[in-house]
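Worksheet for the structure shown next.
Residue numbers (the numbering used here): 12 to 328.
This is the structure in structure tokens:
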């Protein structure tokens, strides 16, 4: 028998799986935008996003992925990262976050240590040839995003039902492995449940006052909890929209995203905000839609925070 310790709160903890929570959000806000991937020019309403998630979830079932199997995601910020996050949750597979900056020996360690069954990967990112690195370690169970592999995964799942698998899932099931930085030794995999990360995201969203009208600009890495939990899950538990400005951090692309998409919230570590404030054309960007956001990851300099509030309109940051 499991029990939970909770502090004083008017809100109870969410007691549902991530898939069930997403479906509840879709029922309430299906026509609202869920995800905008600016580099590719694609966007989804919640109804469309859920359909895309279900396609990948069914494809993973067809691939033979069982509840508790480890499925890795090795890619920069992109729509497929987000879709894979929710697709694995819907079938009870454990998503293993792989740092896009990993070198070959680090990839080999995570594949071995986590017991990876399948890897969903970009073909390359920046100067890293992921395809060659995966081949070097001899891992063969890989689906490459943006290739016929991805299309074949979706096609293989046509006609399959998710209901039987969903009936076997519980919110205490493990659903995610995030690796520590490994500064004092090999990275350690922290195993998290639906309950852990859904409630983390939900209460972050409550603290910053998210509703279905909010649009969250997420330039922070999705492989980190800042992106996938405080960003994605804070959004989907409230019916808000996730906006991905670039595959990797780009200060100009971030401010363009805020301007063009009328984002109400912006995330970043202090150095990201410093880079944005330091752009030569900073004043040309209309940031008046911003009201809140999160600055975290390291101590926030007082003067930087003052400028963020005054010049970026983030009065509720």
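We treat Cβ as the ideally placed atom computed from N, Cα and C, and that holds for glycine.
Here the structure is a predicted model, which means the values were calculated and not measured.
Exposed unless 16 or more other CB atoms sit within 10 angstroms - verdict on residue i
i: residue 87; result: buried
i: residue 48; result: buried
i: residue 246; result: buried
i: residue 238; result: buried
i: residue 149; result: exposed
i: residue 320; result: exposed
i: residue 294; result: exposed
i: residue 91; result: buried
i: residue 232; result: buried
i: residue 322; result: exposed
i: residue 251; result: buried
i: residue 100; result: buried
i: residue 128; result: buried
i: residue 200; result: buried
i: residue 44; result: buried
CA-to-CA distance, residue j to residue i, given in whole angstroms
i: residue 172; j: residue 93; result: 21 Å
i: residue 262; j: residue 287; result: 5 Å
i: residue 11; j: residue 267; result: The requested residue 11 does not occur in the structure, where the chain is confined to residues 12 to 328.
i: residue 275; j: residue 217; result: 15 Å
i: residue 65; j: residue 163; result: 15 Å
i: residue 314; j: residue 46; result: 33 Å
i: residue 254; j: residue 195; result: 34 Å
i: residue 272; j: residue 301; result: 11 Å
i: residue 151; j: residue 141; result: 13 Å
i: residue 257; j: residue 269; result: 12 Å
i: residue 297; j: residue 284; result: 16 Å
i: residue 60; j: residue 22; result: 27 Å
i: residue 290; j: residue 282; result: 13 Å
i: residue 326; j: residue 131; result: 39 Å
i: residue 224; j: residue 318; result: 25 Å
i: residue 181; j: residue 153; result: 28 Å
i: residue 178; j: residue 39; result: 22 Å
i: residue 119; j: residue 96; result: 21 Å
i: residue 138; j: residue 98; result: 29 Å
i: residue 71; j: residue 309; result: 37 Å
Residue from the options with nearest C-alpha to residue i
i: residue 260; options: 250, 229, 237; result: 229
i: residue 19; options: 214, 45, 74, 161; result: 214
i: residue 236; options: 27, 139, 278, 115; result: 278
i: residue 176; options: 190, 30, 197, 328; result: 30
i: residue 192; options: 21, 126, 290, 111; result: 111
i: residue 206; options: 37, 248, 323, 50; result: 248
i: residue 220; options: 328, 178, 201, 290; result: 328
i: residue 157; options: 244, 32, 133, 99; result: 133
i: residue 125; options: 210, 242, 310, 202; result: 202
Contact with chain D by residue i, beta-carbon distance below 9 Å
i: residue 271; result: Annotation note: the requested chain D is absent from the structure, which comprises a single protein chain.
Three Cβ pairs or more, each shorter than 8 Å: is that satisfied between the segment 184-191 and the segment 97-109? yes
What runs of the alpha helix (DSSP H), each 4 residues or longer, lie entirely inside the segment 151-198? 159-167, 174-177
Tell me whether the segment 44-58 and the segment 66-80 touch, counting them as touching only if at least three CB pairs, one residue from each stretch, are closer than 8 Å. no
Enumerate, from N- to C-terminal direction, the unbroken alpha helix (DSSP H) stretches of 4 or more residues contained entirely within the segment 217-282. 262-272
Every unbroken alpha helix (DSSP H) within the segment 103-149, with a cutoff of 4 residues, ordered by chain: 115-125, 141-148
Jot down the residue ranges of each uninterrupted beta strand (DSSP E) in the segment 43-102, minimum 3 residues, whole runs only, in chain order. 44-48, 53-56, 81-85
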